[in-house]
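Protein chains in written order, with the working numbering: chain A, 46 to 160; chain B, 380 to 493.
Ideal Cβ placement from N, Cα and C applies to all residues, glycine included.
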Amino acid sequence: DAMVIQNPRYQVTQFGKPVTLSCSQTLNHNVMYWYQQKSSQAPKLLFHYYDKDFNNEADTPDNFQSRRPNTSFCFLDIRSPGLGDAAMYLCATSTSTSGFTDTQYFGPGTRLTVL
Amino acid sequence: GEDVEQSLFLSVREGDSSVINCTYTDSSSTYLYWYKQEPGAGLQLLTYIFSNMDMKQDQRLTVLLNKKDKHLSLRIADTQTGDSAIYFCAESHILTGGGNKLTFGTGTQLKVEL
């Protein structure tokens, strides 16, 4: 089945130790998004790729970076995780043509714990 | 500005109808969405409504949109225990760089009791 896959589902890292979260999709969607969802809060957009173009939200900390080597894969890199970065990280995809929005489909998320 | 609000909790008995409400502030939103999130899981798209519609029905789900009051509701008929989850409404904005940004509400935790 076509879907959005996130690996790993659970990630534990140490304070300050870089970590990479992975997202892949078989939907062939041109837009990929990363959201951060802290406990009992709404998901918040960090950044997104429109094809190969990276778009950062104004309030996303510099500690968060992203790579999209091809249409199917997108990575979230946290350079120096702090305790406040513990959260669920959600990847989503959509297909978007100029002037129209399209539905975002979410992966199952990666729960990050920072020790 | 972007601000989407929902009540935090709703408790209903199995078999009753549930109504989850949402208010939003940005009248330029083209689509409004309802997502369901079960514990420890990602977001599952339930339904959506285009901003020029006032109602959409999809099996047990009915979405009502009052654009004048910027009020959105989700009605679940014949609520089952499997419907227990957090429900998020979201408004959608087209991004200048392409794609669209979802601004989510605070989420409503629905508890279905036997």
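- Taking 7 Å as the upper bound on Cβ-Cβ separation, chain A lies near residues Y427 of the region 425-445 of chain B.
- T138(A) sits in a strand when the DSSP states are folded into three classes.
- When Cβ pairs closer than 8 Å are counted between the two stretches, the region 405-416 of chain B is seen not to touch the region 57-73 of chain A, the count staying below three.
- No Cβ of chain A is located within less than 8 Å of the beta carbon of L451(B).
- Close partners of F483(B) in chain A (Cβ separation under 7 Å): A87, P88.
- Taking the Cα of T487(B) as reference, the smallest distance to any Cα among F429(B), C468(B), K480(B), G476(B) is reached at C468(B).
- Collapsing the DSSP output to three states places T487(B) in a strand.
- Judged by their CB atoms, Y78(A) and R156(A) are not nearer to each other than the 8 Å cut-off.
- Annotated three-state conformation of T460(B) is helix, per DSSP.
- From the listed residues A131(A), Q82(A), N75(A), the smallest Cα separation to T140(A) is found for N75(A).
- It is roughly 14 Å from the alpha-carbon of F118(A) to the alpha-carbon of P53(A).
- For F60(A) and D104(A), the gap between their C-alpha atoms comes out near 22 Å.
- Sorting A132(A), P114(A), Q149(A) by C-alpha distance to the C-alpha of Q81(A) places A132(A) at the top.
- Note: T441(B) is bridge-paired with Q436(B), R454(B) in the DSSP secondary-structure output.
- Secondary structure within the region 60-144 of chain A: the beta strand (DSSP E) runs of 3 or more consecutive residues, fully enclosed, are 64-70, 76-82, 89-95, 98-101, 109-112, 118-123, 132-139 (chain order).
- When C-beta distances to chain B are compared with 7 Å, every residue of the region 101-115 of chain A stays at or above that value.
- With a threshold of 8 Å between beta carbons, F118(A) makes no contact with chain B.
- Annotation for R439(B): I455, A456, D457 place their beta carbon closer than 7 Å to its own, counting only its chain and skipping 5 residues before and after.
- Within the DSSP bridge table, the entry for E470(B) names L411(B), T482(B) as partners.
- In the three-state DSSP reduction, E492(B) falls in the strand class (E or B).
- Of the other Cβ atoms in all chains shown, 16 or more fall within 10 Å of the Cβ of T482(B); this residue is therefore buried.
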